[in-house]
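Working notes for the structure below.
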Amino acid sequence: MQQSPLLKVHNVGINFGGLKAVSDFNMEIHQGELIGLIGPNGAGKTTCFNLLTGVYIPTEGDILLEGIRLNGLAPYQVTQRGISRTFQNIRLFNELSVLDNVKVAYHSLAKHSILSSIFRLPTHFSGEKEMEEKSIEFLKIFQLDTFLYEKAKNLPYGMQRRLEIARALAAGPKLLLLDEPAAGMNPQETQELMELIAFIREKFNLTILLIEHDMKLVMGICERIYVLDHGQLIAKGSPNEIRNHPKVIEAYLGEEVVESHVEG
Amino acid sequence: MEWIQQLINGISLGSIYALIALGYTMVYGIIKLINFAHGEVFMIGAFVGFYAIAGWGLGFFPALILSMATCAIFGVLIERIAYRRLRNATRIAALITAIGVSLLIQYTVIYARGAQVEVYPNVLANKKFDIFGVQVSSQSLLILTVSIILMIILQFIVHKTKIGKAMRAVSHDMEAARLMGINVNTTISATFAIGSSLAGAAGVFFGVYYTKIEPLMGVIPGVKAFVAAVLGGIGIIPGAMVGGMLLGIVETIVSAIGLSLWRDAAAFIILILILLFRPSGIFGKNTREKV
Amino acid sequence: MKKVRGFWFFLILSVFVYGIVQFLISAGMLDIYYSNTLIFIGINIILAVSLHLVIGITGQFSIGHAGFLAVGAYISAIITMKLQLPLSLALVAGGIVAALAGLIVGIPTLRLKGDYLAIATLGFAEIIRIIFLNIDYVGGAAGMQVTHLTTWTYTFVCLFITITVITNFTNSRHGRACVSIRENEIAADAMGINTTYYKVIAFTLGSFFAGIAGGLYAHNFYIIQPSNFGFLKSFDILIFVVLGGLGSLSGSVISAIFLTIVSTFLQNYPETRMIIYSLVLVIVMLYRPQGLMGTREITDFFGKWKGSKGGNSDAAKSFTESS
Ligand SMILES: Nc1ncnc2c1ncn2[C@@H]1O[C@H](COP(=O)(O)OP(=O)(O)OP(=O)(O)O)[C@@H](O)[C@H]1O
Ligand SMILES: [Mg+2]
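Protein chains in written order, with numbering that gives the first Met the number 0: chain A, 0 to 263; chain B, 0 to 290; chain C, 0 to 322.
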C-alpha cells in the first residue's frame with residue numbers, strides 16, 4: 000500500500016469571480032481503487048472533475064497523475080495522459096452512429112496521417128480497419144453491438160449513459176471519472192450499471208472515481224468516499240466512517256439523504 | 000487646434016454609432032441575437048426622415064419623431080415576423096436569419112424605389128461657431144446634444160420604469176422572469192421598439208450630417224455600430240455609448256493622418272483585437288462556459 | 000466498404016460527365032453561354048464544398064469565405080498576368096497562399112465560438128478586401144485585368160480533386176474528429192481530440208480550395224476588383240451550404256448547381272435575385288434550420304437497398320486494397 004498514488008491532488012482550488020467553487024481540495028487515489036465523491040447540490044463535485052480533466056485551470060494547487068503535473072494541460076492532453084470522463088448531462092456525438100462515437104475515442108490511438116487518408120494510402124485502410132474492429136469488439140462488451148449504425152441520439156436514455164461510459168473507456172484511461180452515471184435511471188438500470196462498473200473495473204484493471212447522489216450505489220461499491228460541501232472537503236474515509244461522520248450528517252441534514260437511503 | 004476640431008467630428012460620428020450600437024446591445028442583451036437587420040432600420044429611419052422633410056415639408060424635430068416612431072414599429076414587426084420563432088433555435092440559425100432579413104430589406108427598398116442616392120434637404124441652418132479658435136458647426140453640436148438627451152432618456156427608461164426593470168430581468172434570466180409573471184414577449188417587443196427608434200434617430204442625424212442617403216447605407220454603419228457594441232461590452236448600455244464614441248474618434252483620427260482608405264479596416268481590426276483579447280469588451284465581465 | 004465502391008461509381012460518373020461536356024464543347028454544340036454557366040457551376044461547387052468542410056463538417060461558422068476566394072484570385076492573377084507563368088501553377092499557388100491566409104486567420108479566430116466566430120471571419124474577410132483595395136500593384140479599386148484562361152477541363156479537374164480530397168478527409172479518423180467537434184466540442188476535447196488543431200486544419204483546407212476556386216474565378220472574367228469579394232459574395236457561398244444541409248456534401252453540391260442556374264436566369268434582375276435568396280434563406284432557417292438535406296447524403300437514399308446485399312462490398316474493398 001506504500002506505492003505512490005496514481006492520482007494526487009494537492010490543495011487545489013478555483014474561483015469564479017469571487018465565488019470559491021472549490022478550495023484546498025486534497026485527494027489521493029491508488030491504482031485499482033473505486034472512490035466515491037459525494038456532496039449536496041452545488042458542492043463543487045463537477046467542478047472537481049473539470050479541474051482534474053483540464054476543463055478549468057486551477058487557480059491554486061497541483062494535480063499529479065503518476066507523479067506528472069497536469070495543471071494547465073488542455074483536456075485532450077489530459078485524456079491522452081490517461082484520465083477520461085463522462086458528463087453529468089450526457090454529451091454524446093448525437094448525429095454520429097454508436098460505432099463512430101467509440102471510434103472518435105480511439106482517435107489518438109490510431110496513427111495514420113491526414114495525407115494518408117486524403118490519398119487513401121494503405122496505412123489509412125489498415126488504420127481505419129483496426130479502429131473499426133476494435134470499436135466493434137468494444138461495443139460487444141457493453142452489449143451495444145446490435146445498435147452499431149444507430150445514431151446516438153436515437154438510443155434510449157439508459158443506453159446513452161452506457162455508450163458514454165463505453166466511449167470514455169475506449170480512450171484508454173488509467174483513471175475513469177464518472178459524473179452521476181446513475182442519474183435518471185430506474186432501480187433495475189442502476190443495478191445493471193453497478194454490475195457493469197464492477198465488471199469493467201475487473202476487466203480493464205481500472206481505477207474509478209465517481210460522483211453519485213444515489214447513496215445506495217455509492218455506499219455499496221465504493222471503497223473510500225470523499226465528501227464535499229461548499230467547495231470544501233469535509234470528510235473522507237470508508238463508507239461506514241462517512242455514514243456516521245457528524246459533519247456529513249450535518250451537511251445533508253434536511254435532505255436526509257444519508258439516513259433514508261442507507262437504512263432503507 | 001485642428002486636432003480638437005477632428006475630435007469634435009469624431010464625437011459627432013461616434014454619437015451616431017452609439018445610437019445604433021444601443022439597439023444592437025439591447026437586443027443582444029435580451030435575446031442573444033446579433034440583429035444584422037438593425038443597420039437597415041437605421042436606413043429606413045434616414046429615408047422616413049428624408050421623405051418627411053423633402054416631401055411633406057416637416058421641420059427637423061417633427062421629422063425626427065416621425066422617423067423614430069416608424070422605426071419603432073418596424074423593429075417590432077421584424078421581431079414578430081422573423082425572430083420570434085427563433086427563440087429556441089441555435090444562435091447560428093438566428094444569425095443567418097438576421098442576415099437574411101437584412102438583405103431582404105435592402106433589396107426590397109432597392110426594388111421599390113431604385114438604388115439612386117438622395118440628397119438630404121438642408122433643414123438645419125449650419126452656422127459655424129468660433130470657440131477659442133476652434134470651428135464648431137451648429138449641426139454637430141445639435142446632433143451631439145440630441146443624442147445625449149436620447150441616451151439620458153434611455154437610461155431613465157431602463158433604470159426607473161417598470162418596462163426597464165422588466166427588460167433587465169428578462170436579459171438576466173428569461174425563464175425566471177417569465178415565472179415571476181413578467182410578459183416576456185411584450186418586454187422583447189419594447190426592447191426592439193426602443194432600440195429601433197434610436198436607430199431611426201441616428202438615420203436622420205446621418206442624413207443631415209452627411210447629406211447623402213441610399214438603400215445600402217445601413218450596411219457599413221450597422222457593422223461598425225456592432226463593433227462599437229462589442230467594444231463597449233455587448234449587452235451593456237453605457238458600453239455601447241462609450242464604444243460608439245471611441246470608434247468614431249478612432250476613425251476620424253485614422254482619416255486625419257491620411258489613411259482614409261484604411262478607415263473601414265480600422266473598425267474591423269478593433270473588432271478582431273477585442274474579440275481575441277477581451278471578448279467581454281471594455282465594461283464586460285469575463286464568464287466561463289459551465290460544463 | 001460501401002464507400003470504396005462509391006468512389007469507383009463517382010469516378011466513372013465524373014469521367015462520363017466530363018467527357019460528354021468536353022465533347023459538346025469541342026464539337027461546337029455547346030455555345031459559350033452554356034459552357035460558361037457550366038464553368039460557373041463548377042467553381043461554385045468547389046466553393047460550396049470547401050465551405051461545407053468548415054461549416055457542415057467541423058461546425059465552425061465562417062461567413063467570410065470570399066476573403067480566401069479573393070486571395071486565390073489575386074495571387075493567381077499576379078502569377079499569370081505579371082509573371083507570365085502558366086495557369087496550372089497559378090491555381091496551385093493561389094490555393095497555397097489562400098491556405099496560408101486561412102492559417103493566419105484561423106489560428107487566432109477559431110478560439111471563438113458561434114456568432115463571435117462568424118463576426119470575426121466577416122471582419123477578416125473585409126480586412127483582406129481592404130488590403131487589396133490599397134495595393135496599387137494589383138490595381139487598387141479599379142482592379143486588375145485578367146486574361147480569360149479558365150476552361151471546362153481546368154474547372155472539372157479542380158472540382159474532381161476538391162470533392163475527392165474532401166470526401167476522403169471526411170471519411171477518415173480526421174474527418175470524424177472534425178464531426179465530433181461539430182457535435183459536441185467539449186466531449187470531443189474530453190475524448191482526446193485536439194480540437195484547435197482540427198478546426199485549423201479544416202479551415203486551412205477549406206481556404207485552400209477556396210483559393211483554387213479564386214484562381215478559376217479570376218481567369219473566367221476579364222477583370223477582378225475588390226468589390227467582387229465583399230460580404231455579398233461570402234453570403235452567396237454561405238447560402239449554398241446552409242440551404243443544401245449543414246453537414247451534407249451532396250446537399251451543398253446540389254444547392255450550388257441549382258442556385259447557380261437560378262442566378263444565371265436572374266442575371267439581369269439582381270434585386271429580384273437578392274430578394275429571392277434572402278427570402279429563401281429566412282424561410283429555410285425558420286422552418287427547416289438543418290437545411291434541405293440535413294446531414295444526410297444523397298447516397299443515403301439508396302442506402303437500404305445497397306446494405307441488403309453487402310456480400311459484394313468486401314470484394315470491392317479487397318480489390319482497392321490490392322491495387
Ligand atoms: N463556469 C462557472 N462559472 C461560474 N460558476 C460556476 C461555474 N461552474 C460551476 N460554478 C459554480 O460552482 C458551484 C459548484 O458547482 P458544481 O457544478 O461543481 O456542483 P456539483 O457539486 O456538481 O452539484 P450537482 O450535484 O448539482 O451536480 C456552483 O455554485 C456553480 O454555480
Ligand atoms: Mg455536478
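Backbone N, C-alpha and C fix where the C-beta goes; we use that ideal spot for every residue, glycine too.
Going by beta-carbon coordinates alone, are residue i and residue j separated by less than 8 Å?
i: residue 34 of chain A; j: residue 208 of chain A; result: yes
i: residue 223 of chain C; j: residue 145 of chain C; result: yes
i: residue 210 of chain C; j: residue 93 of chain C; result: yes
i: residue 122 of chain B; j: residue 47 of chain B; result: no
i: residue 18 of chain B; j: residue 201 of chain B; result: yes
i: residue 162 of chain A; j: residue 5 of chain A; result: no
i: residue 13 of chain B; j: residue 245 of chain B; result: yes
i: residue 180 of chain C; j: residue 189 of chain C; result: no
i: residue 94 of chain A; j: residue 294 of chain C; result: yes
i: residue 147 of chain A; j: residue 154 of chain A; result: no
i: residue 22 of chain A; j: residue 12 of chain A; result: yes
i: residue 206 of chain A; j: residue 191 of chain C; result: no
i: residue 60 of chain C; j: residue 98 of chain C; result: no
Does the Cβ of residue i lie closer than 7 Å to at least one heavy atom of ligand 1?
i: residue 150 of chain A; result: no
i: residue 20 of chain A; result: yes
i: residue 255 of chain B; result: no
i: residue 40 of chain A; result: yes
i: residue 15 of chain A; result: yes
Quick check on residue i: does DSSP put it in helix, strand or coil?
i: residue 234 of chain A; result: strand
i: residue 23 of chain A; result: strand
i: residue 178 of chain A; result: strand
i: residue 144 of chain C; result: strand
i: residue 133 of chain B; result: strand
i: residue 92 of chain A; result: coil
i: residue 131 of chain A; result: helix
i: residue 263 of chain B; result: helix
i: residue 128 of chain C; result: helix
i: residue 118 of chain B; result: strand
i: residue 170 of chain C; result: coil
i: residue 68 of chain A; result: strand
i: residue 221 of chain C; result: coil
i: residue 264 of chain C; result: helix
i: residue 172 of chain B; result: coil
i: residue 13 of chain C; result: helix
i: residue 226 of chain A; result: strand
i: residue 213 of chain B; result: coil
i: residue 295 of chain C; result: coil
i: residue 240 of chain A; result: helix
i: residue 282 of chain B; result: coil
i: residue 8 of chain A; result: strand
i: residue 110 of chain A; result: coil
If you drop the 5 nearest sequence neighbours on each side, which residues of the same chain put their C-beta closer than 7 Å to that of residue i?
i: residue 133 of chain A; result: 105
i: residue 3 of chain A; result: 66
Which residues in the same chain have their Cβ closer than 8 Å to the Cβ of residue i, if we skip the five residues on either side of it in sequence?
i: residue 20 of chain C; result: 29, 34, 37, 151 and 155
i: residue 137 of chain C; result: 73, 76, 77, 131 and 143
i: residue 141 of chain A; result: 161, 162, 164, 165 and 195
i: residue 179 of chain B; result: 168
Apart from the five residues on each side of it in sequence, which residues of its chain come closer than 6 Å, Cβ to Cβ, to residue i?
i: residue 217 of chain B; result: 38, 39, 41 and 42
i: residue 225 of chain C; result: 128, 131 and 132
i: residue 210 of chain A; result: 36, 44, 178 and 179
i: residue 49 of chain A; result: 55
- Could you name the residues, in chain order, whose CB is less than 7 Å away from a heavy atom belonging to ligand 2? Answer in sequence order: A/44, A/45, A/87, A/178, A/179 and A/210.
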